[in-house]
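Inspection log for the structure reproduced underneath, given as structure tokens.
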Amino acid sequence: MAAVSNCAARIDPPVDELDLSGVLLRTDYTDDDRFTKVLADSRRPAGAHGVYGAKLLVVEDPCLARITPEQIIELVDVEDFAFVADARSMVDSTLLVVDLFEDSDTYLTAFRVIPEAVFVVEANLVLANLDFADLLDVAGSDGVFRETFGL
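Quick note: the sequence shown uses the working numbering, first residue 34, plus one each step.
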């Protein structure tokens, strides 16, 4: 059964195209402390000098609770991709990454990403260094992207 949203209107995240941030939608509200940890782990700077970290523009609105990837396009004004902190994120710390670019062959396809690799996914998708299909190909057989490319 699909989740039913009680959003009164579309949510328009204040995305600044010059900011180069990915959007993170929180869809699970069962554990605030766990969400805070998942977010902190995903933003933690990586690399030899600790300078690379995901920016992640967080959208928290209880009307997004338990929405499906298909509902994201109806409820949130995000054009290319979104990270999702869902129920599974609260268990294993991975974030769901959903392709929202309608003209792509991977439209509405998703994979998960470990916190240490969120920056790699965010940076490559925002800068268009790699497309969604490239990252999907690198994800493991379990659908989880773990590659940090030596950061």
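Note that CB positions come from ideal geometry on N, CA and C, so glycine has one too.
Which of the three DSSP states, helix, strand or coil, is assigned to residue i?
i    : result
A120 : coil
F152 : helix
S99  : The amino acid occupying residue 99 in the given sequence is Arg; Ser does not appear at that position. Correct three-state label for R99: coil.
V171 : helix
V84  : coil
Is there a Cβ of chain C sitting closer than 7 Å to that of residue i, yes or no?
i    : result
I100 : Annotation note: the requested chain C is absent from the structure, which comprises a single protein chain.
Taking residue i and residue j to be in contact with their CB atoms under 8 Å, please state how far apart those CB atoms are, rounded to whole angstroms.
i    : j    : result
F152 : A79  : 6 Å
L133 : I105 : 7 Å
S54  : L108 : Contact flag wrong, Cβ pair sits at about 19 Å.
V131 : A143 : 5 Å
L58  : V92  : 5 Å
V71  : S137 : No, V71 and S137 are not in contact; Cβ-Cβ is about 27 Å, not under 8 Å.
L158 : D113 : 7 Å
In the DSSP assignment, what residue or residues form a beta bridge with residue i?
i    : result
L163 : Partner(s): none; L163 has no beta bridge.
D132 : F114
V56  : L90
R145 : L129, V177
I106 : For I106, which the question treats as bridged, DSSP gives no partner whatsoever.
A73  : Bridge partners of A73: none, in fact.
Do residue j and residue i count as a contact pair if the criterion is CB distance below 7 Å?
i    : j    : result
A156 : E180 : no
V117 : T63  : no
S126 : P102 : no
A172 : F165 : no
Residues in its own chain within less than 7 Å of residue i by CB, not counting five upstream and five downstream?
i    : result
D175 : none
L169 : T139, T142, F144
R67  : M123
Ignore the nearest five residues each way along the sequence and tell me which others in residue i's own chain have a CB closer than 6 Å to its CB.
i    : result
L129 : V117, D119, A143, R145
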